[in-house]
Amino acid sequence: MVTFIIAQIGRRALFSMFLCYKNVNLNFNVQALRTLLTLTPSSKSQAQRRQLSFVRYDKVKRFHPSRGISVCHTHTSKSSCSAIVINGKAIAQDIKDEIKAEVECIVESGKRAPRLAVLLVGNDAASIVYVRNKAIAAHYTGIACDILRIPEKVSEEEVLREIDLLNRLEEVDGILVQLPLPPHINERTICDAVLPGKDVDGFNVLNVGRFCVDQKAFIPATPSGVLEILKRLKIETRGKNAVVCGRSKNVGLPIAMHLHSDGKGDNNAGDATTTICHRNTPPDQLMHFIKSADILVTATGVPGLVTADMVKDGVIVIDIGITRIIDENGKPKLVGDVDFKGVSEKASYITPVPGGVGPVTVAMVIKNTLTAYKKEYDYGPWNKAMSHNR
Ligand SMILES: Nc1nc(=O)c2c([nH]1)NC[C@@H]1CN(c3ccc(C(=O)N[C@@H](CCC(=O)O)C(=O)O)cc3)C=[N+]21
């Protein structure tokens, strides 16, 4: 194991060089995408509904599939309007810049930088991309990031030992085990082995439980990304109809948990009337619930699940589905759950795939790492008890 870690440290140096190179490109792209245009509201209600002070997060030109790019000046005929496309890359960039500034202050004051350890088991192509994105983001903000690549055939015991080691290392603030894990490894066992105070993924059952009862907790990156988007766009959720399609334990369920909670707890919850639809929701019921949604969150991985005829005018659409397909020209492409072209004609806001929730997810993991470093959440005896159990 020691040899393995030493090998990783060597690799890390190479990886940092790669990151430095990647970072230049990343900054360039993000800068190019940041539009600071402002809209001129045509009426007061429009200004209120669209939260115009925050349009810098949107690609202000409205997307209209049949007429190319157009700007809609009136809300009187909403169906002929098209949605504001939420720019997840710009939101992520802002979050990362805030983190970077804070980390700079920490380091200038003579303290060590925060540190994230990522365990990547096996060679899942998507996981490699996601982990790489997290490492690039960490590097950008000044947070140290170690990626421990572990062969697919590793035993559960071995992974638990690795986590135990990281739990005990004072200088490791955040631990993240990339999912999915190979089928012979129990994900619940692994997630629960991560010390709650270092559990930047929020997958440890203690964090899950605390989040459920709306106490301070690490909230998983994708749900907290969605919350951050809603918060930064100042989208009101209280009393609205929220529909979440998909009930996965790490995405759909926590998002619904947050949206429905009454807002009196620690996490500034949504207080929305929340419905969860899932694979056993009959199609007519799915149609019925989606039609009722003011805020629609989809996290199913079923491309084209939501079409224009299913949504109501002005719906806010957060698309978390991410599926790799081969398009009509034979090229690989990422798509969400929503028929973007059609639905963006009726929605008021919509997140694209890629470039929507994904980049914000990455930024939120990094933000959680800074929170872990600052030891903002008090886990009392849990943090130690879990460690001594091993
Ligand atoms: N322990 C753990 N923590 C996670 O947070 C976690 C995980 N396991 N397993 C898988 C999901 C998924 N996830 C994404 C991260 C980045 C993008 C992302 O960067 N998406 C880009 C596209 C990336 C690409 O090119 O494929 C985008 O939407 O623009 C997407 C999804 C984190 N997850």
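Start counting at 1 in the sequence shown, then tack on 1181, and there's your number in the numbering used here.
The C-beta atom is built at its ideal place from N, Cα and C for all residues, glycine as well.
heavy atom of ligand 1 below 8 Å from residue i C-beta
i, result
"valine 1358", "yes"
"tyrosine 1311", "yes"
"alanine 1307", "yes"
"alanine 1398", "no"
"alanine 1303", "The question names alanine, yet the displayed sequence has glycine at residue 1303. Incorrect: glycine 1303 has no Cβ contact closer than 8 Å to ligand 1."
"proline 1540", "yes"
"aspartate 1382", "yes"
"threonine 1455", "no"
"leucine 1515", "yes"
"lysine 1445", "no"
"glycine 1536", "yes"
"alanine 1402", "yes"
"glycine 1433", "no"
"asparagine 1268", "no"
"proline 1361", "yes"
"lysine 1430", "no"
"lysine 1503", "The identity of residue 1503 in the sequence shown is isoleucine, whereas the question assumes lysine. Isoleucine 1503 Cβ: within cutoff of ligand 1."
"lysine 1277", "no"
"valine 1425", "no"
Given residue i as reference, the closest of the options once Cα atoms are compared
i, options, result
"threonine 1479", "Gly1502, Ala1528, Val1312, Arg1313", "Gly1502"
"glycine 1561", "Ile1476, Cys1393, Ala1398, Ile1265", "Ala1398"
"valine 1358", "Glu1351, Leu1350, Glu1352, Ile1331", "Ile1331"
"aspartate 1278", "Trp1563, Leu1551, Val1381", "Leu1551"
"alanine 1374", "Val1340, Gln1396, Leu1360", "Val1340"
"isoleucine 1457", "Lys1430, Ala1294, Lys1548", "Lys1430"
"tyrosine 1311", "Lys1472, Ile1547, Asp1559", "Ile1547"
"serine 1529", "His1459, Leu1414, Asp1447", "Leu1414"
"asparagine 1388", "Ile1287, Ile1344, Pro1435, Leu1486", "Pro1435"
"glycine 1537", "Ala1553, Lys1555, Gly1523, Val1516", "Val1516"
"alanine 1264", "Pro1533, Asn1564, Tyr1554", "Pro1533"
"leucine 1350", "Pro1295, Asp1520, Arg1313, Gly1495", "Pro1295"
"asparagine 1367", "Gly1446, Gly1383, Ser1336", "Ser1336"
"asparagine 1385", "Val1394, Gln1396, Asp1395, Pro1401", "Pro1401"
"glycine 1482", "Gly1446, Val1519, Lys1493", "Val1519"
"lysine 1412", "Leu1440, Glu1526, Val1487", "Leu1440"
Residue i, enclosing beta strand (DSSP E) - first and last residue
i, result
"proline 1513", "1513-1516"
"asparagine 1422", "1422-1426"
"glycine 1355", "1355-1358"
"valine 1478", "1476-1479"
"arginine 1313", "Note, arginine 1313: premise wrong, no beta strand (DSSP E); alpha helix (DSSP H) at 1306-1322."
"leucine 1297", "1296-1302"
"threonine 1454", "1454-1458"
"valine 1573", "No answer is possible for residue 1573: the residues shown for the chain start at 1182 and end at 1571."
"arginine 1505", "1504-1507"
"valine 1598", "Residue 1598 lies beyond the stretch modelled for the chain, which goes from 1182 to 1571, so this question has no answer here."
"valine 1498", "1497-1500"
"aspartate 1327", "1325-1331"
Cβ distance (whole Å) where residue i is taken to contact residue j below 8 Å
i, j, result
"glycine 1583", "glycine 1433", "With the chain covering only 1182 through 1571, there is no way to say anything about residue 1583."
"alanine 1136", "arginine 1419", "The displayed coordinates of the chain run from 1182 to 1571. Any statement about residue 1136 would go beyond what the structure contains."
"asparagine 1549", "glycine 1390", "Not confirmed; about 17 Å, so no contact."
"proline 1363", "valine 1299", "Not quite, the Cβ-Cβ distance comes to about 16 Å (not below 8 Å), so this is no contact."
"alanine 1437", "threonine 1455", "5 Å"
Range covered by the alpha helix (DSSP H) that runs through residue i
i, result
"valine 1386", "1386-1393"
"leucine 1440", "1433-1441"
"alanine 1573", "What is shown of the chain runs 1182 to 1571, which leaves residue 1573 out entirely."
"valine 1153", "Residue 1153 is absent from the structure shown; the chain starts at 1182 and stops at 1571."
"aspartate 1345", "1337-1349"
"aspartate 1465", "1464-1472"
"alanine 1402", "1402-1413"
"aspartate 1371", "Here residue 1371 is isoleucine; the residue named in the question, aspartate, does not match the sequence. 1368-1374 is the extent of the alpha helix (DSSP H) around isoleucine 1371."
"lysine 1522", "1521-1524"
Backbone CA spacing between residue i and residue j [nearest angstrom]
i, j, result
"threonine 1542", "alanine 1282", "19 Å"
"valine 1424", "arginine 1369", "27 Å"
"threonine 1216", "lysine 1334", "Low local confidence applies: a pLDDT of 21 at threonine 1216 is under 50, so the model's placement there is unreliable, and no value is given."
"tyrosine 1321", "asparagine 1348", "25 Å"
"isoleucine 1499", "alanine 1307", "21 Å"
"isoleucine 1531", "cysteine 1372", "32 Å"
"glutamate 1409", "arginine 1505", "25 Å"
"aspartate 1443", "asparagine 1510", "48 Å"
"glutamine 1274", "alanine 1319", "12 Å"
"serine 1405", "aspartate 1508", "31 Å"
"lysine 1178", "valine 1266", "With the chain covering 1182 to 1571 only, the question about residue 1178 has no answer from this structure."
"alanine 1553", "aspartate 1380", "8 Å"
"aspartate 1327", "cysteine 1426", "34 Å"
"asparagine 1564", "aspartate 1490", "49 Å"
"cysteine 1253", "glycine 1451", "With a pLDDT of 34 at cysteine 1253, under the threshold of 50, the modelled position of this residue cannot be trusted; read the value that follows with caution. About 29 Å."
"aspartate 1447", "glutamine 1466", "33 Å"
"proline 1513", "isoleucine 1324", "32 Å"
"serine 1290", "isoleucine 1476", "43 Å"
"aspartate 1345", "tyrosine 1558", "20 Å"
"leucine 1486", "glycine 1523", "12 Å"
"serine 1261", "cysteine 1286", "At serine 1261 the pLDDT is 46, less than 50, meaning the model places this residue with poor confidence and gives no usable figure here."
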